[in-house]
Each structure stands twice: as C-alpha cells, then as structure tokens.
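Novice: So the sequence lines, in the order shown, correspond to chains A and B.
Quick note: our numbering has the first sequence finishing at residue 392, numbered continuously throughout.
Quick note: our numbering has the second sequence finishing at residue 784, numbered continuously throughout.
Here a beta-carbon is modelled for each residue, glycine too, at the ideal position from N, C-alpha and C.
There are 2 protein chains.
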Amino acid sequence: MVKDRDFMQRALELAIMGRGYTSPNPMVGAVLVKQGRIIGQGFHERYGDKHAEIRAIENAVEPVEGATLYCNLEPCCHTIPGKKTPPCTHRLIQERIRKVVVSTIDPNPHVSGSGLRALKAAGIEIQSGIFAREATLLNEAYFKFIQTGEPFIHLKIAQSLDGRIATRSGDARWITDVSARQMVQEMRQNADAILVGIGTVLVDNPRLTLRTKNGRQPYRIVLDSRLRIPDHATLLQDQFADRTIIITSPDADKARREALAHRGIRVEVLNKNSSEFIDLDELMVFLQRLGVASLLVEGGSAVFTRFIQKRRFDKLSVFIAPILIGEGREAIQDLHIKRLQDALRLELVTFRTIGHQMLVEGYRDIHRTFGKLAEELTCSQDSWKKWEPSLS
Amino acid sequence: MVKDRDFMQRALELAIMGRGYTSPNPMVGAVLVKQGRIIGQGFHERYGDKHAEIRAIENAVEPVEGATLYCNLEPCCHTIPGKKTPPCTHRLIQERIRKVVVSTIDPNPHVSGSGLRALKAAGIEIQSGIFAREATLLNEAYFKFIQTGEPFIHLKIAQSLDGRIATRSGDARWITDVSARQMVQEMRQNADAILVGIGTVLVDNPRLTLRTKNGRQPYRIVLDSRLRIPDHATLLQDQFADRTIIITSPDADKARREALAHRGIRVEVLNKNSSEFIDLDELMVFLQRLGVASLLVEGGSAVFTRFIQKRRFDKLSVFIAPILIGEGREAIQDLHIKRLQDALRLELVTFRTIGHQMLVEGYRDIHRTFGKLAEELTCSQDSWKKWEPSLS
Numbered sequence: 001m002v003k004d005r006d007f008m009q010r011a012l013e014l015a016i017m018g019r020g021y022t023s024p025n026p027m028v029g030a031v032l033v034k035q036g037r038i039i040g041q042g043f044h045e046r047y048g049d050k051h052a053e054i055r056a057i058e059n060a061v062e063p064v065e066g067a068t069l070y071c072n073l074e075p076c077c078h079t080i081p082g083k084k085t086p087p088c089t090h091r092l093i094q095e096r097i098r099k100v101v102v103s104t105i106d107p108n109p110h111v112s113g114s115g116l117r118a119l120k121a122a123g124i125e126i127q128s129g130i131f132a133r134e135a136t137l138l139n140e141a142y143f144k145f146i147q148t149g150e151p152f153i154h155l156k157i158a159q160s161l162d163g164r165i166a167t168r169s170g171d172a173r174w175i176t177d178v179s180a181r182q183m184v185q186e187m188r189q190n191a192d193a194i195l196v197g198i199g200t201v202l203v204d205n206p207r208l209t210l211r212t213k214n215g216r217q218p219y220r221i222v223l224d225s226r227l228r229i230p231d232h233a234t235l236l237q238d239q240f241a242d243r244t245i246i247i248t249s250p251d252a253d254k255a256r257r258e259a260l261a262h263r264g265i266r267v268e269v270l271n272k273n274s275s276e277f278i279d280l281d282e283l284m285v286f287l288q289r290l291g292v293a294s295l296l297v298e299g300g301s302a303v304f305t306r307f308i309q310k311r312r313f314d315k316l317s318v319f320i321a322p323i324l325i326g327e328g329r330e331a332i333q334d335l336h337i338k339r340l341q342d343a344l345r346l347e348l349v350t351f352r353t354i355g356h357q358m359l360v361e362g363y364r365d366i367h368r369t370f371g372k373l374a375e376e377l378t379c380s381q382d383s384w385k386k387w388e389p390s391l392s
Numbered sequence: 393m394v395k396d397r398d399f400m401q402r403a404l405e406l407a408i409m410g411r412g413y414t415s416p417n418p419m420v421g422a423v424l425v426k427q428g429r430i431i432g433q434g435f436h437e438r439y440g441d442k443h444a445e446i447r448a449i450e451n452a453v454e455p456v457e458g459a460t461l462y463c464n465l466e467p468c469c470h471t472i473p474g475k476k477t478p479p480c481t482h483r484l485i486q487e488r489i490r491k492v493v494v495s496t497i498d499p500n501p502h503v504s505g506s507g508l509r510a511l512k513a514a515g516i517e518i519q520s521g522i523f524a525r526e527a528t529l530l531n532e533a534y535f536k537f538i539q540t541g542e543p544f545i546h547l548k549i550a551q552s553l554d555g556r557i558a559t560r561s562g563d564a565r566w567i568t569d570v571s572a573r574q575m576v577q578e579m580r581q582n583a584d585a586i587l588v589g590i591g592t593v594l595v596d597n598p599r600l601t602l603r604t605k606n607g608r609q610p611y612r613i614v615l616d617s618r619l620r621i622p623d624h625a626t627l628l629q630d631q632f633a634d635r636t637i638i639i640t641s642p643d644a645d646k647a648r649r650e651a652l653a654h655r656g657i658r659v660e661v662l663n664k665n666s667s668e669f670i671d672l673d674e675l676m677v678f679l680q681r682l683g684v685a686s687l688l689v690e691g692g693s694a695v696f697t698r699f700i701q702k703r704r705f706d707k708l709s710v711f712i713a714p715i716l717i718g719e720g721r722e723a724i725q726d727l728h729i730k731r732l733q734d735a736l737r738l739e740l741v742t743f744r745t746i747g748h749q750m751l752v753e754g755y756r757d758i759h760r761t762f763g764k765l766a767e768e769l770t771c772s773q774d775s776w777k778k779w780e781p782s783l784s
C-alpha cells in the first residue's frame, strides 16, 4: 500500500510539471511500474500534446507488457470531433498493461467511468482512490469546466487583519510581502485569464503578468463600462497588450472605443445590469466563447463584491497581513446580508502561513464546483476507496 | 540537556495550574530534582499564598539538601512593606539546594537578577534561559505590570473573514464557534477586569463571566458616558453585580447615577476627552487604583478603535471565522492612517487554528510590554542561553 502511494505521489509530481500549459485539459502524470521499479514516466506537457499515459509508455526503458500504470486521472476512452489524441484505453490494452491505478475517475461526460470499464472488460485490473483528494484539488479548474462548461472562478484578495485592501487614499503597495506575491504568480499560472476592475487599473496600474516562467500569458481582462482606461496604462502599452481585453458597455464613448481598436486593443461590449455593473451572465458567456476554463479575479473591492453578491465564484483565497489600517478601502462591500445565519460560509477551508501573512482559502460550494468529485473532498484524507466499475 | 527541558516543562505545567488566582503575582511552578528524579513540586496557588519554591520544598518526599530546583521565574530575594511572603532565596540557601535553574529573571525592580546573585554568592550553581520564551509569554500581564505599573491590555475581537463583528442590524451571535468561546473563557481567566462599551451591552446584553471555574470573577467594566445602561441588563442583575463597574462622565444624568448607586452598583465618573470618549489616561489611573494588572477588552467597534488609535493596548487576539458578512459593523473604524507605511504592524504574530476559525495574535510593541524580557522573545525558540550574574 505504501508503495502504491509512493508511485501515485510521483505521478502527481509529474502532473504538476504541466501547470500553466494544459488548460482546458487537466494536469496528468503517469508512472509505469514493474516489479516495484519505475520503468517509464511522463506527463501531459501542453494542450494538444500526447497524454501522460502515452508519454510514459514511450519513455519506458523496458517492455511495458505486464506493467502497472499509476495515473492521477482515469484514462480517456473517447473520440469526438476536435479531440486531439486517440483514446488512451486502446493503447493500454494493446500494450498489455496488467493493472491501472488512478486517483479519481474523469467526470468528463465522455469518460466518467467508461475508461475504467473498458480496461476492466479487457481483463486489466483496476483500482482507484489513492490521493483522490489531492488529485481532485489539483485539477479544480478542469473539473468545474468539464462538468458545467463554465470557467472556474477564483477570487484572490490581499488584505489587512481588519479587512482593508488599501488606505482611504488608495495606498495598497504592498500589503503583503514577496512570498505572498510569489504565490499569486502560481495562481496566475493556473489561470487562463486574470480580471480586474477599472478602479484597480487607475489606482495601481498593474501588469498582471506571469513573471516566473517564459511562455504563455493569461488574458488580462478589465471591466471598464465607461472606457476610462488611460492610454498610458501598462496593460495597453507592454509587450502583452494583445492579451488585454477591455469589457465595456454600450454607453461607452464610441470614439474612445474606436481609438482603442485602432491601437489593436480588443474591446468587447457587454450589457450592464440594473446596478450599472457589467452583467456577469453575459461575461460568463463571453469567457466561454473565449475558451477560458479558469479566471482569476484580482480586484478591486467593487469587483469582489459583485462576484460574491451574485455567487459567481468557486474559490476564495485571502492573504491576511498582520497589520491594521482602519477605515479605508474594504475588501468586500455590501452583500445584502442582514442576519448572521445568512452569512456566506466557505467550505473546505484551509489556513496556511505564507511568509509574514496568513492565507485563508475556501470554496463557495464544493458540490457546484466539483460535481461528482465533491465526495472525494469530504471523505477523510486517509480514506482508501476501491472503485469497482460495473460492467452493465 | 533534554532532562533539563523536561523538568522545566513540568515546572511550567505546574505554574499554569495557578491561572486566574495569582494576579497581580506571576504564575510560578517549581520542581526539585535529585539524581534525575522529581522529589518535590509545587506552584503558587493564589495571591498571598506561599511561593512555588517553598511549596516544592514542603512537598518533598526526601531531604532536599543537594537537590536542583527548576523554576520558571527567578526566586524572590526582597522584603518590602506589603509583601506577603519572606524571600525564597533565604530558604533555598538554608535548605542547601545545590543548583537553581530558571527560565528568566524576574524584572521586578526589587529582584531583577539580585535573586540569582544572592544564590550564587551563597555558592549555589545557577542557570537560566530554558524555555525563556514560553515562560515570558506565560506571565505577559505580570511582566508588563511589574515594570510599568500599568495594566496589560488585551483586545479580543471575533470577526468574519472580511473584518466585520456583526451584520448591519447588529446580529453577532455567533460569529465564532464553541471552541473559540471556550478559548475566550481562558482569556477571561487571565484578566482582572473585562471591559466593554455600552453599545455592546445594549445590543448583546452579555454576562462577561467566567463559566469554567468556580471562584474568582473578574471586574466587569462598562464605558457608558451617558449612563444608558438599562436596569434589566444582566451585568446589573446577576449574582456578580458587585463586580460590575460603570464608568461614566460628568455629563451623565445625576438622578440615574444615584439610582444605580442606590441599587449598589459602583459608578465611577471620569472625564471625557475632546472626542466625547472617556479619557483613556484617566481610565488607566482608575484601573491602577483598582489593582487591575490585566484588562481584557471585548468590544465593540468604537472601543477597539479608540484603544488602538491611542496605542493603548499590548496584545491583540483576532478570531477569524471563514464567513463573509459584507457591509456591517466593522471591527475597527478610523485609525487616521493615510499611507500604508503608517499601518500598525503587529509584532511576534502567531496564527493558529481553533475549531472552525483561525486565531491571529500579536503584540503592539514587545519592548513596551515586556521591557527587559523582550529579548527573550526575539531569540530563536531553540536558543540556549546561560545567564551569568555578576557579583559586583
């Protein structure tokens, strides 16, 4: 049993190496084991590339016949238009793999247990549940997106102990220290798009870029219903300006819109709702069209408040610095909550120390985010579960 | 070395058994060891009773001559009017103790190293520094009080993740769960007095009592400059009404003042400052007169804000529940902080999980609170320091 966990841990470590490059696919790692030794390993390196299982087979240093495959996700078994790779189950059967161990099933409606069933029908022994919790959390964005078609929405707040994100005059640099900001880089790596309100652009003029890795940059989306973004904003000026998208409303000045378009800046017009805020339902439709499977919302206060009010978020991460600011810009404004029993209670909450601050993270509703995988999160972490596919 | 730590840990465990009963004296435990075995132990059980060292000698099951004494605080060596016990150093010398090991010196100006010097002069081996940090934190209130004559002021806040202590309508029951409330009981045990503002009394009608132990009840102090406290308030009605003190201003209605006095309720008149709040300097003088060495401030928002604004606190404990309330009653209001660099940064911050919430604790200024013991807190926890008294 201990050995099983070691091999699956290795598979998870491999999976993480794809962070930032696989979306909207999941991060997957695979390890092939024969007589207690790893003979092949691989991970899904980039969207469109080969799956982890195939990589492990191709990298194997010995014949893989009779080997056991450890993989954090159920192997795929489907062919649909647009899918870029043939089903992994075919290859595993063809290569005469003896046993397949996975952390969880793939809730993708085209798979969802059928992969394991196909393997079992071909006489391959199967087992599931090892590090199910870790594997589920690792691909949180994928699991939301594949089951609902909607992006995983992650709100990230950096605040003082008394819940302020800036002084009254807007001074917000820096509430958190460099170790927290390093962690924000990881969060951005997981995101297909980063979103802020125009207020944040006007006060902070942020870059919203990935600074730790070369390569992919997430979209940078600004909610700016009146097109107040100035020409000198970094988001319009730097080398990633083609990744900037301004979301505005029909009320915005047309000349300004054209001027921005003329400079090659993408401007999208969405409707506002009754409270003069870009309609979040329309925004979701736009993000889906854009292929965004995960969105990181970085502020400011009005944006956080609106996403929370409308229950349009999956995960909340709050960095809390041990400082007091007093009256200033509050992280979260009015949520129309009158009684304490109606307060929004986060689920699956974790507390961690990051540098000089604390990081509190929780989910709004794990059943809405993780769907059929939610139960992997509510079992105790040490539980051991053998998934038995029915061949019906 | 490991043995030394074991015996000192036992001394600290014994010390804690006096919690709530020793103020304004410190909590002290003592262990006598001979040939690696504990032969006697004791603790300071109650203010005015025998010191821990004497208890350990009296409880010893073997002759104590040649034994080593482990004690979290330097033995006393002084006789001053009002002191209730003879100097422990005399007794230790008389009993021919071989060695004395302490965690820290006693910064009491009447002791402050003289106890250890006296022992050394009598040929007793001495050592200090074991669990110095733990021993310093254990008696935080004593250390502040004995060095400054002012009470240790501890602010306790229970808030949501977004920094609110109640909804807009004042609903605050309960933001935290039973395990946090249990911890508040411990905080109250350490306090000679608990203080709240009249707003908290009007909205919550709290009891502010110690529910876990029989015996001592801290004073219950209400800041009520206009004497708005209603006759039916629990603080005026229950069996501890004689522990309730109402602090009011000269503006308060005289008839009401007399009516309360007539009912046996203690009312104190203190001046207000320019912003119509009871003057905190006057309050400190009053607390000193009352013999309060440690004050626990439990709210509400206006009271927290005033104590923080005036830098009139030593320690802040914030329970943070993983819930969002949105606009409501903020824990802390205006602190007149304009630039982030002027934000109040807590020192010696710790984060802990307590039940479903987190507890963040920190000190405003460890040098002001702990005086000459502050350095015990800034060394690394595993540091080992031998205190060498000079016999000058």
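(1) Check the Cβ-Cβ distances between A:Gln381 and every residue of chain B, and say whether any is below 7 Å.
(2) I want to check one thing, is the minimum distance from the CB of A:Ile157 to the heavy atoms of the ligand NAD below 6 Å?
(3) B:Tyr534 by DSSP, collapsed to three states: which one?
(4) Going along chain A in order, which residues have a C-beta closer than 7 Å to the C-beta of B:Thr745?
(5) Which residues bound the beta strand (DSSP E) around B:Ser709?
(6) Where do the ends of the beta strand (DSSP E) carrying B:Phe435 lie?
(7) With a cut-off of 7 Å, does the C-beta of A:Arg345 fall near any C-beta of chain B?
(8) Can you pull the chain B residues whose beta carbon is under 7 Å from the beta carbon of A:Val318, in chain order?
(9) Nearest to A:Thr79 by CA position, among A:Leu210, A:Gly115, A:Cys71 and A:Leu227, is which residue?
(10) What are the start and end residues of each continuous alpha helix (DSSP H) run of 4 or more residues lying completely inside the region 483-560 of chain B, in chain order?
(11) Secondary structure at B:Cys463, three-state DSSP: helix, strand or coil?
(12) Going along chain A in order, which residues have a C-beta closer than 9 Å to the C-beta of B:Ala564?
(13) Give, in chain order, every residue of the region 663-690 of chain B whose Cβ lies closer than 7 Å to some Cβ of chain A.
(14) Under 8 Å, CB to CB, which of the residues in the region 497-531 of chain B have a partner in chain A?
(15) Evaluate contact between the region 55-69 of chain A and the region 89-109 of chain A, counting only Cβ atoms and requiring at least three cross-stretch pairs below 8 Å.
(16) Could you spell out where the alpha helix (DSSP H) holding A:Ile194 opens and where it closes?
(17) Please name the residue, chosen from A:Cys76, A:Asp4, A:His154 and A:Gln182, that lies closest to A:Asp364 on a Cα-to-Cα basis.
(18) Just the chain A side, please: which residues come within less than 9 Å of B:Ile567 by C-beta, in chain order?
(19) How is the beta strand (DSSP E) around A:Phe351 delimited, first residue to last?
(20) For the alpha helix (DSSP H) containing A:Ser179, list its first residue and its last residue.
(21) With a threshold of 7 Å between beta carbons, is A:Glu327 in contact with chain B?
(22) Does any residue of chain B bring its CB to less than 7 Å from the CB of A:Thr200?
(23) CB B:Ala452 to CB B:Leu424, shorter than 7 Å?
(24) Take the Cβ of A:Gly36 as the centre, count every other Cβ of all protein chains shown within 10 Å, and call the residue buried at 16 or more, exposed below.
(25) Any idea if A:Asp314 is buried or exposed, counting beta-carbon neighbours within 10 angstroms, 16 or more meaning buried?
(26) For A:Thr378, is the classification buried or exposed, using 16 other Cβ atoms within 10 angstroms of its Cβ as the cut-off for buried?
(27) Pick helix, strand or coil for A:Ala15, following the three-state DSSP scheme.
(28) Apart from the five residues on each side of it in sequence, which residues of its chain come closer than 6 Å, Cβ to Cβ, to A:Val170?
(29) So for A:Ala233, helix, strand or coil by DSSP?
(30) Between the C-alpha atoms of A:Thr22 and A:Gln341, what's the straight-line distance to the nearest angstrom?
(31) Does the beta-carbon of A:Ile276 have 16 or more other beta-carbons within 10 angstroms, so that it is buried, or is it exposed?
(32) Assuming A:Glu330 and A:Ser301 are in contact, meaning their beta carbons sit under 8 Å apart, how far apart are those beta carbons, in whole angstroms?
(33) Taking only beta-carbon positions, decide if A:Ile16 is within less than 7 Å of chain B.
(34) Among B:Ile446, B:Leu529, B:His728 and B:Asn464, which has the Cα closest to the Cα of B:Glu767?
(35) With distances taken between CB atoms, is the gap from A:Ser317 to A:Glu361 smaller than 7 Å?
(36) Closer than 6 Å by C-beta to A:Leu223: which residues in its own chain qualify, once you throw out the five before and the five after it? Chain order, please.
Specialist: Walking through what the data contain:
(1) Because A:Gln381 sits at a pLDDT of 48, beneath the cut-off of 50, its placement in the model cannot be relied upon, and the following sentence gives the value as read from the coordinates. Cβ-Cβ to chain B under 7 Å: no for A:Gln381.
(2) By its list of ligands, the structure shown contains no ligand whatsoever, and the ligand NAD lies outside what it can speak to.
(3) helix
(4) Phe351
(5) Lys707 to Ala713
(6) Arg429 to Phe435
(7) yes
(8) Leu553
(9) A:Gly115
(10) 506-513, 524-530 and 532-540
(11) strand
(12) Leu340
(13) none
(14) none
(15) yes
(16) Here A:Ile194 belongs to no alpha helix (DSSP H); instead the beta strand (DSSP E) covers Ala193 to Gly197.
(17) Residue identity differs from the one stated: residue 364 of chain A is Arg in this sequence, not Asp. The option with the nearest alpha carbon to A:Arg364 is A:His154.
(18) Leu340 and Ala343
(19) Glu347 to Ile354
(20) Val178 to Gln189
(21) yes
(22) no
(23) yes
(24) exposed
(25) buried
(26) exposed
(27) helix
(28) According to the sequence provided, residue 170 of chain A is Gly. The question's Val does not apply to it. Same-chain partners within the cutoff: Val203.
(29) coil
(30) 40 Å
(31) Correcting the residue type first, residue 276 of chain A is Glu in the shown sequence and not Ile. That one is exposed.
(32) 6 Å
(33) no
(34) B:Leu529
(35) yes
(36) Gly197, Ile247 and Ile278
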